[in-house]
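1485 is the number that this note's numbering gives the last residue of the sequence shown; the numbers go up by one with no jumps.
Every residue gets a Cβ at the ideal spot worked out from N, C-alpha and C, and that includes glycine.
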Amino acid sequence: MRSDLKHYINGEWIESTGSETTEVINPATEEIIGRISLGTEADLDKAVQAARAAFPSFSQTTKQYRIELLEKIADEYAKRKDDLIKVITEELGAPLSLSEKVHYSMGYHHFKQAAEELKNFSFIEKRDKSTIMKQTIGVSGLITPWNFPTNQTSTKIASAFAAGSPVVLKPAEVTPYAAMMLADIFEAAGLPKGAFNLVNGSGEVVGNAISSHPDIDFVSFTGSGAVGQKVMENAAKTIKKVALELGGKSPLVVLEDADINKAAKTAVSHISMNTGQVCTAATRILVPNAIKKQFEEAVKENLADFPVGDPQKENVSGPLVSQKQWDTVQGYIEKGMNEATLLVGGTGKPDGLDKGYFTKQTVFTDVKNDMVIAQEEIFGPVMSIITYDTIDEAIEIANDTVYGLAGYVVGEDPETLQKVAASIQAGQITVNNAKTDYSAPFGGFKQSGIGREWGDFGIEEYLEPKAVMGMPS
Ligand code: NAD
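Next up, the structure:
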């Protein structure tokens, strides 16, 4: 069993000032992998002071220095590929292939992309009457969730480093180990002391201390809406800028001319990938009434190709991350069974998977958009099929949600694809399974958040524009 009871502060692993710890559990086996320290406000304060001390020189580093730093980080990250994949599978329960192709890969791409963005990024812009300088915002506090342990941390850190901002990170206590590996990566890449600090702990103590600390200038938070609200409230006391990446209830609009089997495969991939624990997952599948029956059949067939199973095996969907998440998802499946028609799945564990937080992939049909399962984020492998008759109706249903993180559309007719893509009120729309673009902004409309990550938009979050009038040339 691992014992990692230290925090990474000012380039060193140091003892916590407190004695509380928490277990980290492998969700596929329910075995304890290790134990981490639950940090204190004093630990967090030490980390903030280290970041503050690093700020004057780190924020003044040149663009070229930061490009090379980010490239070295990507190289060091890549050297640890096997270990990262192993750790992500152990702590999150993601199947090995997913840990490699999605989790590991996203982290790598964020560091590489930030270096690329910097090459064309201008920190100074001359206008007719003024000079606009984009200056580092200060020290950044980063709070991340458990569902993408390398993606969430890397996108924030890569943008922060590109902007010259030292950071204090509190990773999710459920999945801390991939984040802790970053310290070694940064050290090997030659990051100056104090530019990266990591304090493990609970949201109530360390997270709360980050959002309220007067020496933190910017908080970038990814997680649930309820906690996002608390972060914003706390940050307001010191007029701290916040970026919030929150939940979603994203629609997938299947057009009438779509290939039904391909569309069903796409829908299934959204509940199978990461066991549906994806903020951008399409969980409301909007299908024309005319093809409802064929679509339902195709969903059943495609689900059979992607069973739930041991994440050490190929082509499976893994367990949920924790007992807490399992209980939440069961609660929603029960609600769904009371309000809609169960097509596949249901409550309880899949046959033969009694140990581990495995849950049945569940599909409801005849769902109405005002039902609980269509309005609330479930964060598990639960699909709701909702039918529509006209494209305008589909768009209305798609937008009838408090969320606006992502949207998807599949079909053939270019004009209809364009109309749907333009009309869904969300930060990221994917047409016909287009590939991820790491240079494109990522973030939400409405209650899905404030601000953007990824690419140049991500870097801008860690900068303040300064207007200088009368600058001698
Ligand atoms: P969560 O909100 O419970 O926790 C997220 C992080 O906040 C954790 O590190 C937690 O310890 C910390 N935290 C908890 N209470 C806090 C407090 N009072 N003050 C400060 N920090 C606190 O979310 P979760 O269960 O870890 O993650 C799932 C949620 O994250 C889902 O709602 C999902 O949609 C969302 N999410 C959003 C995105 C996005 O980019 N929009 C990406 C991934 C996950």
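Cβ-heavy atom distance, residue i to the ligand NAD, below 8 Å
| i | result |
| --- | --- |
| Ile1222 | yes |
| Phe1457 | no |
| Ile1155 | yes |
| Gly1364 | no |
| Thr1292 | yes |
| Ala974 | No answer is possible for residue 974: it lies beyond the span of the chain, which begins at 1013 and ends at 1485. |
| Pro1484 | no |
| Thr1234 | yes |
| Asn1301 | no |
| Leu1056 | no |
| Lys1252 | no |
| Leu1194 | no |
| Phe1160 | yes |
| Leu1210 | no |
| Gly1493 | It is not possible to answer for residue 1493, since the shown part of the chain is limited to 1013 through 1485. |
| Glu1080 | no |
| Glu1473 | no |
| Ser1460 | yes |
| Val1243 | yes |
| Glu1053 | no |
| Gly1260 | yes |
| Phe1469 | no |
| Gln1164 | yes |
| Gly1119 | no |
| Lys1182 | yes |
| Gly1219 | yes |
| Leu1490 | Residue 1490 is absent from the model: the chain starts at 1013 and stops at 1485. |
| Phe1391 | yes |
| Val1186 | yes |
| Glu1257 | yes |
The alpha helix (DSSP H) enclosing residue i, as first and last residue numbers
| i | result |
| --- | --- |
| Tyr1089 | Lys1075 to Lys1091 |
| Thr1234 | Per DSSP, Thr1234 belongs to no alpha helix (DSSP H); it is in the beta strand (DSSP E), Phe1230 to Thr1234. |
| Arg1064 | Glu1053 to Phe1070 |
| Ile1149 | Here Ile1149 belongs to no alpha helix (DSSP H), and DSSP marks it neither H nor E. |
| Lys1325 | From DSSP, Lys1325 is part of no alpha helix (DSSP H); its letter is neither H nor E. |
| Thr1250 | No alpha helix (DSSP H) holds Thr1250; DSSP gives it neither H nor E. |
Start-to-end residues for the beta strand (DSSP E) that takes in residue i
| i | result |
| --- | --- |
| Met1193 | No beta strand (DSSP E) holds Met1193; the alpha helix (DSSP H) holding it covers Tyr1189 to Ala1200. |
| Leu1332 | Per DSSP, Leu1332 belongs to no beta strand (DSSP E) and is neither H nor E. |
| Arg1047 | Ile1044 to Ser1049 |
| Tyr1020 | Lys1018 to Ile1021 |
| Ser1262 | Ser1262 to Val1266 |
| Phe1376 | Thr1374 to Thr1377 |
| Leu1181 | Val1179 to Lys1182 |
| Lys1138 | Ile1136 to Lys1138 |
| Asn1209 | Phe1208 to Leu1210 |
| Gln1440 | Gln1440 to Val1443 |
| Thr1165 | Thr1165 -> not in any beta strand (DSSP E); alpha helix (DSSP H) instead, spanning Asn1163 to Ala1175. |
| Ala1294 | Ala1294 to Pro1300 |
| Ile1398 | Val1394 to Tyr1400 |
| Pro1477 | Leu1475 to Met1481 |
| Gly1419 | Ala1418 to Val1422 |
| Thr1353 | Thr1353 to Val1356 |
Residue i: CB within 8 Å of a non-hydrogen atom of the ligand FAD
| i | result |
| --- | --- |
| Phe1454 | As far as ligands go, the structure on display features the ligand NAD and does not contain the ligand FAD. |
Beta carbon of residue i nearer than 9 Å to that of residue j
| i | j | result |
| --- | --- | --- |
| Phe1096 | Ile1048 | In the sequence as displayed, the identity of residue 1096 is Leu instead of Phe. It is not a contact, given that the beta carbons lie outside the stated cut-off. |
| Gly1439 | Gly1461 | yes |
| Thr1371 | Gly1348 | no |
| Asn1022 | Ala1054 | no |
| Leu1154 | Phe1173 | no |
| Ser1031 | His1019 | no |
| Ile1390 | Gly1288 | yes |
| Pro1161 | Thr1187 | yes |
| Gly1215 | Glu1185 | yes |
| Ala1126 | Leu1194 | no |
| Gly1357 | Thr1340 | no |
| Gln1437 | Phe1457 | yes |
| Ala1040 | Gly1360 | no |
| Ile1403 | Thr1442 | no |
| Met1192 | Pro1183 | yes |
| Ala1255 | Gly1463 | yes |
| Leu1264 | Ile1303 | no |
(Q) If contact is defined by three or more beta carbon pairs under 8 Å, each pair taking one atom from either stretch, is the region 1148-1166 in contact with the region 1461-1481? (A) Put simply, the region 1461-1481 touches the region 1148-1166. At least three CB pairs are less than 8 Å apart.
Q) How do the region 1249-1261 and the region 1229-1236 stand: do at least 3 beta-carbon pairs fall below 8 Å, yes or no? A) Enough Cβ pairs lie closer than 8 Å, so yes.
Q: Say whether the region 1330-1347 touches the region 1373-1392, bearing in mind that this needs 3 or more beta-carbon pairs closer than 8 Å, one atom from each stretch.
A: Between the region 1330-1347 and the region 1373-1392, the count of Cβ pairs shorter than 8 Å is three or higher; the stretches touch.
Q: Spell out a yes or no on whether the region 1240-1256 and the region 1264-1280 are touching, meaning 3 or more CB-CB pairs, one atom from each, closer than 8 Å.
A: The region 1240-1256 makes no contact with the region 1264-1280; the number of CB pairs closer than 8 Å stays below 3.
Q: Check whether the region 1104-1122 touches the region 1221-1235, counting contact only when three or more Cβ pairs, one atom from each stretch, lie closer than 8 Å.
A: Cβ pair count under 8 Å is below three, so no.
Q: Determine contact between the region 1419-1438 and the region 1314-1327, defined as no fewer than three beta-carbon pairs at a distance below 8 Å.
A: With a cut-off of 8 Å on Cβ pairs, the region 1419-1438 is not in contact with the region 1314-1327, counting fewer than three such pairs.
Q.
With a threshold of 8 Å, are at least 3 pairs of Cβ atoms found where one atom belongs to the region 1432-1451 and the other to the region 1104-1111?
A. At 8 Å Cβ cutoff, the stretches do not touch.
Q | Inter-stretch contact at 8 Å, needing at least 3 Cβ pairs: the region 1291-1302 / the region 1322-1340 | A | No: fewer than three Cβ pairs fall under 8 Å.
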